């Protein structure tokens, strides 16, 4: 996506991309990034401290934190308003994972926080972490879950190649 896809809120500090919904109570900032990917036969979702979506079109069985491949957006492409909001020490980031397969939809959510050290320089994958560790792929830290905590129906659908929409919403 590019900056032309960003739609700033009228008269407020909200930013919405890819058809996202405006939210929040008007006292802060809400920004949304939507990433489209797909599952893969090697998705197992068993990693206990991270969850990852990659723009690569392949996955090996060792990639137990990866739940989606062929992501259409990476952290390096995120809108600056979203990035800025995530760098706030007060940021709450919600990651909603939605898989669609054969007309069925399965969703699950992880809640985390932002960090001033987030760089959003990753140009291949994005990672959410239960820990405080930050590298160029990290998009949230201090998460209340990881790949192993996601609904098993969601993981099964992704292992069957379901379409994945990851909606990242930051509020501060």
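Numbering (our numbering), first residue to last: 736 to 907.
The beta-carbon is built from N, C-alpha and C at its ideal position, and this holds for glycine as well.
The structure displayed is predicted, hence computed values, not measured ones.
Under the DSSP assignment, residue 888 falls in the alpha helix (DSSP H) whose first and last residues are 887 to 894. Of all alpha-carbon atoms in 768, 786 and 792, the one lying nearest the alpha-carbon of residue 896 is that of 792. Three or more beta-carbon pairs separated by less than 8 Å link the segment 887 to 907 to the segment 766 to 783, which places the two stretches in contact. If you compare the alpha carbons of 887, 850, 882 and 879 with that of residue 869, the shortest gap goes to 850. Here DSSP, grouped into helix, strand and coil, assigns residue 855 to coil. Annotation: the continuous alpha helix (DSSP H) that includes residue 815 extends over 815 to 821. DSSP places residue 867 in no beta strand (DSSP E); its state is neither H nor E. Within a 10 Å sphere around the beta-carbon of residue 824 sit fewer than 16 other beta-carbons, which makes this residue exposed.
For residue 782, no beta strand (DSSP E) encloses it, and the DSSP letter there is neither H nor E. Annotated as proximal: residue 847 and residue 879, with beta-carbon spacing under 8 Å.
Residue 877 holds the alpha-carbon nearest to the alpha-carbon of residue 864 among 856, 854, 877 and 872. If the five residues before and after residue 872 are omitted, its C-beta is found closer than 7 Å to the C-beta atoms of 810, 857, 860, 861 and 862, all from its own chain and listed in chain order. Contact annotation: residue 889 and residue 841 have beta-carbon atoms nearer than 8 Å.
Non-local C-beta neighbours of residue 818 in its own chain, meaning closer than 7 Å and more than five positions away in sequence, comprise 855, ordered along the chain. For residue 884, the secondary structure class from DSSP, reduced to helix, strand or coil, is helix. Bounds of the beta strand (DSSP E) holding residue 803 are 801 to 803. Assignment of residue 811 by DSSP, reduced to helix, strand and coil, places it in the helix class.
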